[in-house]
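Asks: According to my numbering, the sequence shown is numbered sequentially starting from 5. For glycine and all other residues, C-beta sits at the position ideal for the given N, C-alpha and C.
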Amino acid sequence: MKKKTVKILKIILPLMLGVFLIWFSYSKFSPEQLAEIKNHFKNANYRFLLLSLVFGFLSHLSRAYRWNFMLEPMGYKPKLMNNTMAVFTAYLFNLAIPRSGEVSRALVINKYDNVPFDKAFGTIVAERVADVLILGLLVLLALSMQFDALKDFLLDLIPLQKLIVGILILGALGITGILFVYKTSFSISIKIRNLVSGLKDGLLSILKMKKVWPFILHTIFIWVMYIAMFYICIYALEETSSFSFSTVIAAFVVGSFAIAFTNGGFGSYPFFIAEILLLFGISATVGTAFGWIVWISQFVMILIFGGLSLLLLPVYNRNK
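1. Under DSSP, the alpha helix (DSSP H) around Glu-4 begins and ends at which residues?
2. Where do the N-terminal and C-terminal ends of the alpha helix (DSSP H) with Pro-35 fall, by residue?
3. Is the beta carbon of Val-23 less than 8 Å from the beta carbon of Gly-271?
4. What are the boundary residues of the alpha helix (DSSP H) that Asn-87 is part of?
5. Straight-line CA distance for Arg-51 to Val-216?
6. Which first and last residues belong to the alpha helix (DSSP H) in which Glu-279 is found?
7. Per the contact definition of three or more C-beta pairs closer than 8 Å, is the region 53–64 in contact with the region 234–242?
8. Which term fits Ala-176, buried or exposed, when burial requires 16 or more other beta carbons within 10 angstroms of its beta carbon?
9. State whether the region 59–70 contacts the region 251–261, with contact taken as three or more CB pairs (one from each stretch) at a distance under 8 Å.
10. If Ala-326 and Phe-45 are in contact, beta carbons under 8 Å, what's the gap, nearest whole angstrom?
11. Is DSSP giving Ala-68 helix, strand or coil here?
12. Ordered along the chain, which non-local residues of its own chain (more than five positions away) have a Cβ less than 7 Å from that of Phe-184?
13. DSSP state of Phe-2, grouped into three classes?
14. Quick check: Thr-93 and Leu-314, are their CB atoms within less than 8 Å of each other?
15. Distance, Cα to Cα, Tyr-239 vs Glu-131?
16. Tyr-95 and Gly-310: beta carbons closer than 8 Å?
17. Any beta carbon from chain D within less than 8 Å of Phe-61's own beta carbon?
18. From Phe-275, Leu-316 and Pro-318, pick the residue whose C-alpha is nearest to that of Val-298; which is it?
19. Roughly how far, in whole angstroms, is the beta-carbon of Arg-109 from the beta-carbon of Ala-90, given that I think they are within contact range, below 8 Å?
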């Protein structure tokens, strides 16, 4: 019963946060401003959004292809089609339950290509480590270009004192968790240690790869496509078409973190995009419309290809 309650809360709480941010955003607008936002949607050039979806699809295809670079050293080579559908399925599940996509992706490849779950999940974690490194570099790039604006934005969201307290609490919880797992003999501790062992194999696969440079190049390509997917959207609205590259990078970084707050960025993505663009002189109505246009285009892509992947996976592997 407790597990079921936790699962329900994992779905409901992020959704409630998203709904609250939507209400909070739109409660500040007058009827005239709401009409202005509606006009931005009506007058947007959706051809640029279609092009952004092409960039997004290429990034996901590259991610699926890159995955085998880490699985091969362990003796596994799933079909590229299965990898691709597993990736889209993962993004689809993230729309429902935050961070559930990594688990579903490993389960898909376990079911259809017999890759052990713990090893598959370990490679996904290793992927995330590589992606976090790239995102970290983009954060540094954004800070170097727009330090004052981003500093004010972050400190308005999370005061420095609360940030320090939060880091200390997380550190204490982390140390407590490690001691519990490795210094006790409870059954759950043993299960976690066994899982960590399998995860370690997946993580270490990144060091055993024969194709290190292709992995690096695909990682760079994935993030270039992410940026291109966001960048091309600025031309959908006349008011955002003159954004500088530094503004694009700053907004892209903020949007990347916003996705983690709710289910796939529902509510939080447009909210934070509008907030960061305010610092660059973009009105709240334009920023809100732009944030929603970008988010909806990505949502539709994941909904279509993720849904198709769920339907086609059993069909594609029927004669296995």
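Replies: Considering the structure as presented:
1. This structure does not reach residue 4, given that the chain is present from 5 up to 324, and the question cannot be answered.
2. Taking the first residue of the sequence shown as position 1, residue 35 is located at position 31. Unbroken alpha helix (DSSP H) run through Pro-35: 35–47.
3. Residue 23 sits at position 19 when you count from the first residue of the sequence shown. Residue 271 sits at position 267 when you count from the first residue of the sequence shown. The Cβ-Cβ distance between Val-23 and Gly-271 falls below 8 Å.
4. Numbered from its first residue, the sequence shown carries residue 87 at position 83. Per DSSP, the unbroken alpha helix (DSSP H) holding Asn-87 starts and ends at 84–100.
5. Reading the sequence shown from its first residue, position 47 is the one you call residue 51. Reading the sequence shown from its first residue, position 212 is the one you call residue 216. The straight-line gap separating the alpha-carbon atoms of Arg-51 and Val-216 is approximately 36 Å.
6. Locating residue 279 in the sequence shown gives position 275, counting from the first residue. For Glu-279, the uninterrupted alpha helix (DSSP H) segment begins and ends at 272–282.
7. Contact holds: three or more Cβ-Cβ distances are below 8 Å.
8. Locating residue 176 in the sequence shown gives position 172, counting from the first residue. It counts as exposed.
9. Contact between the region 59–70 and the region 251–261 is absent: fewer than three C-beta pairs spanning the two stretches fall below 8 Å.
10. The question about residue 326 has no answer, for the chain in this structure spans 5 to 324.
11. Counting from 1 along the sequence shown, the entry for residue 68 is found at position 64. Secondary structure of Ala-68 (DSSP, three-state): helix.
12. Counting from 1 along the sequence shown, the entry for residue 184 is found at position 180. Excluding positions up to five away in sequence, the list reads Ser-193.
13. The structure shown does not extend to residue 2, since the chain is modelled only from 5 through 324, so no value can be given for it.
14. Counting from one through the sequence shown, the residue named residue 93 turns up at place 89. Counting from one through the sequence shown, the residue named residue 314 turns up at place 310. With respect to Leu-314, Thr-93 sits close: the two C-beta atoms are nearer than 8 Å.
15. Counted from its first residue, the sequence shown places residue 239 at position 235. Counted from its first residue, the sequence shown places residue 131 at position 127. Whole-angstrom Cα-Cα distance: 31 Å.
16. Against the sequence shown, residue 95 aligns to sequence position 91. Against the sequence shown, residue 310 aligns to sequence position 306. Taking 8 Å as the Cβ cut-off, Tyr-95 and Gly-310 qualify as a contacting pair.
17. Annotation note: the requested chain D is absent from the structure, which comprises a single protein chain.
18. For the purposes of this step, residue 298 is taken as residue 294 along the sequence shown, with counting starting at 1. When the alpha-carbon of Val-298 is set against those of Phe-275, Leu-316 and Pro-318, the nearest one is in Phe-275.
19. Stepping through the sequence shown from its first residue, residue 109 is reached at position 105. Stepping through the sequence shown from its first residue, residue 90 is reached at position 86. At roughly 5 Å, the Cβ-Cβ gap stays under 8 Å, so Arg-109 and Ala-90 are in contact.
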